[in-house]
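Here's the structure, in structure tokens; my notes come after.
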Amino acid sequence: MSDTSVAAAEPASAVQAYILFAVAGTTYALKSNDVVHVEMLEHVTPVPNAAAYVEGVVFSRGQVVPVINLRARFGFERAALTLRNRLIVVQHDGRRIGLLADESREFTRISDAAIRPPQEAIGGLSGSYLEGVATLGERIVLVLNVREIVDTVPTAVA
Amino acid sequence: MSNSGQDRPFAASFMDDYFAEADEHMTAVRQSLLTLESAPASATPHAVLEELFRSFHSLKGISAMVELREAELLAHQMESCLRALRQGTLTLTGERFDVLVDGVRMLERVIAARRSSSPPPMIEPVVEKLDMLAQARDDASPSGGGSGTAHAAPNSHDSAGARRWRVTFVPSPQLVERGVKVDTVRARLLQIGQVLTVAPKVVPGGGISFEFDLLTSNHSQLDQWRDDGLTYEPMDAPPASEVERPTLDLTPAGSSNVVRVDLARLDELMRLVGEMVVTRSRLEDTLRRVESFVPFQEWRALQDHSARIERNLRDLREGVMRVRLVPVSEIFRRMPFVVRDLARDSGKRVHLELTGQSAEIDKFLVERMMDPVLHLVRNAISHGIESPEARLAAGKPPEGTIRLGAATVGETVAIDIADDGAGIDLESVAQRARALGLMADGELDARMLLDIICASGFSTRDEADRASGRGVGMAVVRDAVESLGGTLSVETRAGLGTTFRMTLPLTLAITDAIIAHVGAQIFAVPQTAVREVVEVDASLLRAFEHNELMPYRGGTLPMIRVSDLFSLPATPRARYHAVVIGAGQTAIGLIVDRIAGQREVVVKAVTDPLIRVDGVSGATELGDGRVVLILDVAALSRTRRQHPRAITGVPA
Chain E
1 MSDTSVAAAE
11 PASAVQAYIL
21 FAVAGTTYAL
31 KSNDVVHVEM
41 LEHVTPVPNA
51 AAYVEGVVFS
61 RGQVVPVINL
71 RARFGFERAA
81 LTLRNRLIVV
91 QHDGRRIGLL
101 ADESREFTRI
111 SDAAIRPPQE
121 AIGGLSGSYL
131 EGVATLGERI
141 VLVLNVREIV
151 DTVPTAVA
Chain D
1001 MSNSGQDRPF
1011 AASFMDDYFA
1021 EADEHMTAVR
1031 QSLLTLESAP
1041 ASATPHAVLE
1051 ELFRSFHSLK
1061 GISAMVELRE
1071 AELLAHQMES
1081 CLRALRQGTL
1091 TLTGERFDVL
1101 VDGVRMLERV
1111 IAARRSSSPP
1121 PMIEPVVEKL
1131 DMLAQARDDA
1141 SPSGGGSGTA
1151 HAAPNSHDSA
1161 GARRWRVTFV
1171 PSPQLVERGV
1181 KVDTVRARLL
1191 QIGQVLTVAP
1201 KVVPGGGISF
1211 EFDLLTSNHS
1221 QLDQWRDDGL
1231 TYEPMDAPPA
1241 SEVERPTLDL
1251 TPAGSSNVVR
1261 VDLARLDELM
1271 RLVGEMVVTR
1281 SRLEDTLRRV
1291 ESFVPFQEWR
1301 ALQDHSARIE
1311 RNLRDLREGV
1321 MRVRLVPVSE
1331 IFRRMPFVVR
1341 DLARDSGKRV
1351 HLELTGQSAE
1361 IDKFLVERMM
1371 DPVLHLVRNA
1381 ISHGIESPEA
1391 RLAAGKPPEG
1401 TIRLGAATVG
1411 ETVAIDIADD
1421 GAGIDLESVA
1431 QRARALGLMA
1441 DGELDARMLL
1451 DIICASGFST
1461 RDEADRASGR
1471 GVGMAVVRDA
1481 VESLGGTLSV
1491 ETRAGLGTTF
1501 RMTLPLTLAI
1511 TDAIIAHVGA
1521 QIFAVPQTAV
1531 REVVEVDASL
1541 LRAFEHNELM
1551 PYRGGTLPMI
1561 RVSDLFSLPA
1571 TPRARYHAVV
1581 IGAGQTAIGL
1591 IVDRIAGQRE
1601 VVVKAVTDPL
1611 IRVDGVSGAT
1621 ELGDGRVVLI
1631 LDVAALSRTR
1641 RQHPRAITGV
1651 PA
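From first to last, the protein sequence lines are chains E and D. So in my numbering, spot 62 of the first sequence is number 62, and the numbers just go up one at a time. If you count the second sequence from 1, you need to add 1000 to reach my numbering.
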């Protein structure tokens, strides 16, 4: 491990833990601090008149949790649910929200130095939910900003 | 205060209530401020601002009632600042935050001074600073900041009500896989309090654990993290700050067999009972499935046990519910002050009669019914009761009477607010309604009256006096009652008076519901709202403009298809089921594919903005772990009210 093992002293250490997951063939990362847990899901109840990217609601540990379909949120075609799908339950501003990913099996540590701001790397982004781009060996990982994903966006429907 | 001698013992007991309630609000305020302080300026959590706003709004109201003007004024200023923050015209900087903290400090001092009957502190400088803050815009520099008043961050000794807990976290590979590590745990604990120390410990088996010394007043939050390897217990020594606080003994002498219980603990019990109800219905489903595989005798025995558990659960649920019930007098006993004040201000003579004070209602409902009842009482005085001269001229006694009554009727509680005043002048209401475009020409039907006076924008404008405050109109009253699953009705007779009646469910957590299928979706409709279930012959439905009507009890009933409301795919059927909700002019029929029966369901709140949609009031499950949405009957019948012409059936 790194030499920043003094757990109590520094809140923003140079290396942070991330949950990795895949949506439409691309790997994304969320800070593990934002993630409450990851679970499998069987049935999502659709919520009428909710935003298009809201898949519906599930019970997660006794709580009613909205499910955001990340494919829809990122502008991809929806896909049928399979056993590989994972619900990543995140906590933000007192809310609990489930993010539906194609799969999620990895947990890793990424050094802050390995993450570059997105504008440096890519242009013409559709949303501001991208916090940075990390390169892990050969792989490119898009680091997401939880707040931007879960905040309600005005829908085009009047 | 100008108390006459006979009022004093009553007023004294009322002040105790005031202090207790003010304490509750102040504790919530301090907690919210701590949360605010730790949030970055760019990301002020909206929910926290809402909560603060509500707390100050309540503080303003109760302070006005006990005529503690300094507290009323301070709370009012804080409310204005929060409104600006909430609306985003102001962002929170360190200096501005300090002004808020000063305001809270001063409010505490004012209340403490009244409690010890000492003269109130000078509030003017703080009020002025708050005022400038409320006026400030982001482009202007915050004023009053550099006045050199020294104040410590509020996290040192302001966290009154907080206790120290020893929180133990045992990490494991499974937890790490779920993203739960000591850093996660620490971050979470920091959200709800102060972490004083962290110490790693070697546990007997050779593993490791972390012990956090946590100062928090929100330890119930810890329960949510039990699955994540957290255990906690109180530290023996109370923190120093608790010793410094003046404590208020609320237990009346001699009633040592009374226990005060935190509402959150009762909620937890209710939740557990709810889970058991769900588990039992799963058991029942399983029993039904295995009936053919199990010898009849054995199956019979299982069935008997299951039935007994169900009865026990009903009793248990009822028992827990009873603990949550408090007498309606909690609402009523504040009214004499309001009535006395308003009567004096308006030059009217009013006598208040209270009945049924021992009727009981859920604590949760009591807190939310306070404002609506207050509003109706104020209305009764300012609009109902006439001046003594007018009353004498009408041949009535010069003193008017307001009767506040409560009664338990089955699973509901009815609260009546009745006055013997002039009654509502239907003709002038009709004129105004026509002027505002709320109704077509023609007679005002007495049954439409409530819809008209509850239309937002109808009542509030030109009565922004002290009595009606900031325009909490009848619309808000009706919304409050309906959002709690209740109904509001009115009856008025010219020259004889007006009676408003609120009918509320005893409790909210568990309710009986009708289970309805629409296409592939299942919905639950709270039974208290349902008048009856009818079968609908599709060939009898008649389209009328963009409504459908069905013959019903000699008249017609407007029908709404749930599949239309929610844009669900629908296959035409020859026969449908419909639930009839509402009464009189607001009655509608909700068309569903079929009704699958009636069940006891556990109501869970749907709070996240992503899934708060019109027409859905909550969620529940029926035993298979799937979410079933509960229809918001009040909102659905409001959809109808938005077209009053359609209600009256009078073409425009």
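Cβ atoms here follow ideal geometry from the backbone N, Cα and C, with glycine treated the same way. Values in this document were obtained by computation on a predicted structure and should not be read as measured data.
May I ask which residues mark the beginning and end of the alpha helix (DSSP H) holding residue i?
i, result
"Met1502 (chain D)", "Careful: Met1502 (chain D) lies outside any alpha helix (DSSP H), inside the beta strand (DSSP E) at Gly1497 to Pro1505."
"Val1477 (chain D)", "Met1474 to Ser1483"
"Trp1299 (chain D)", "Phe1296 to Arg1324"
"Thr1279 (chain D)", "Leu1263 to Val1290"
"Lys943 (chain D)", "This structure gives no information on residue 943 (chain D), because the portion of chain D shown stretches from 1001 to 1652."
"Met1065 (chain D)", "His1046 to Met1065"
"Leu1082 (chain D)", "Arg1069 to Gln1087"
"Leu1107 (chain D)", "Gly1094 to Arg1115"
"Glu1128 (chain D)", "Glu1124 to Gln1135"
Between residue i and the rest of its own chain, which residues show a CB-CB distance below 7 Å, the 5 nearest in sequence each way excluded?
i, result
"Ser1058 (chain D)", "His1025"
"Ala1039 (chain D)", "Pro1045"
Name the DSSP bridge partner or partners of residue i?
i, result
"Gly1400 (chain D)", "D:Val1350"
"Ala92 (chain E)", "Ala is not the amino acid found at residue 92 (chain E); the sequence shown has His there. BP columns for His92 (chain E) point to E:Arg95."
"Ile1415 (chain D)", "D:Ala1406 and D:Met1502"
"Lys1181 (chain D)", "In the DSSP output, where bridge partners are listed per residue, Lys1181 (chain D) has none listed."
"Met1550 (chain D)", "D:Leu1557"
"Ala981 (chain D)", "It is not possible to answer for residue 981 (chain D), since the shown part of chain D is limited to 1001 through 1652."
"Val54 (chain E)", "E:Ile68"
"His37 (chain E)", "E:Val89"
Please report how far the alpha carbon of residue i lies from the alpha carbon of residue j, in whole angstroms.
i, j, result
"Val146 (chain E)", "Ser128 (chain E)", "10 Å"
"Arg1665 (chain D)", "Asp1262 (chain D)", "In this structure chain D extends from 1001 to 1652, so residue 1665 (chain D) is not present and cannot be described."
"Ala1433 (chain D)", "Gly1395 (chain D)", "31 Å"
"Leu1130 (chain D)", "Gly1193 (chain D)", "27 Å"
"Glu42 (chain E)", "Arg1282 (chain D)", "17 Å"
"Arg1271 (chain D)", "Thr82 (chain E)", "32 Å"
"His92 (chain E)", "Asp34 (chain E)", "7 Å"
"Gly1625 (chain D)", "Ala1084 (chain D)", "42 Å"
"Met1370 (chain D)", "Ala1020 (chain D)", "16 Å"
"Pro1569 (chain D)", "Gln1521 (chain D)", "10 Å"
"Leu136 (chain E)", "Ala80 (chain E)", "30 Å"
"Leu1248 (chain D)", "Arg1109 (chain D)", "With a pLDDT of 35 at Leu1248 (chain D), under the threshold of 50, the predicted position of this residue should be treated as unreliable, and no value is reported."
Around the C-beta of residue i, are 16 or more other C-beta atoms found within 10 angstroms, so that it is buried, or is it exposed?
i, result
"Gly25 (chain E)", "exposed"
"Ile19 (chain E)", "buried"
"Asn69 (chain E)", "buried"
"Ile149 (chain E)", "buried"
"Ala1418 (chain D)", "buried"
"Leu1436 (chain D)", "exposed"
"Arg1164 (chain D)", "buried"
"Leu1450 (chain D)", "buried"
"Met40 (chain E)", "exposed"
"Leu144 (chain E)", "buried"
"Thr1231 (chain D)", "exposed"
"Ala113 (chain E)", "exposed"
Kindly indicate the opening and closing residues of the beta strand (DSSP E) around residue i.
i, result
"Asn69 (chain E)", "Gln63 to Asn69"
"Leu1450 (chain D)", "Segment Leu1449 to Ile1453 is the alpha helix (DSSP H) holding Leu1450 (chain D); no beta strand (DSSP E) there."
"Pro1234 (chain D)", "Leu1230 to Pro1234"
"His1577 (chain D)", "Arg1575 to Ile1581"
"Phe1169 (chain D)", "Arg1163 to Phe1169"
"His1517 (chain D)", "Ile1510 to Val1518"
"Ile1560 (chain D)", "Gly1555 to Arg1561"
"Val47 (chain E)", "First-last for Val47 (chain E): undefined, no H or E at that position."
"Val1601 (chain D)", "Arg1594 to Val1602"
"Val150 (chain E)", "No beta strand (DSSP E) contains Val150 (chain E), which is instead part of the alpha helix (DSSP H) from Val146 to Val150."
Among residues of its own chain, excluding the 5 on either side of residue i, which ones have a beta-carbon nearer than 8 Å to its beta-carbon?
i, result
"Leu1496 (chain D)", "Asp1420 and Gly1423"
"Arg1086 (chain D)", "His1046, Leu1049, Glu1050 and Phe1053"
"Glu103 (chain E)", "Phe21, Ala22, Arg84, Asn85 and Arg86"
"Leu1189 (chain D)", "Val1167, Val1195, Phe1212, Leu1214 and Thr1216"
"Ala1264 (chain D)", "Ser1220"
So, for residue i: in the same chain, excluding its five sequence neighbours on each side, which residues have a beta-carbon less than 6 Å away from its beta-carbon?
i, result
"Gly1405 (chain D)", "Thr1355, Gly1356 and Asp1416"
"Ala1028 (chain D)", "Ser1055"
Any heavy atom of the ligand MN within a distance shorter than 6 Å of the CB on residue i?
i, result
"Glu1600 (chain D)", "In the structure shown, the ligand MN is absent, as is every other ligand, since no ligand is present at all."
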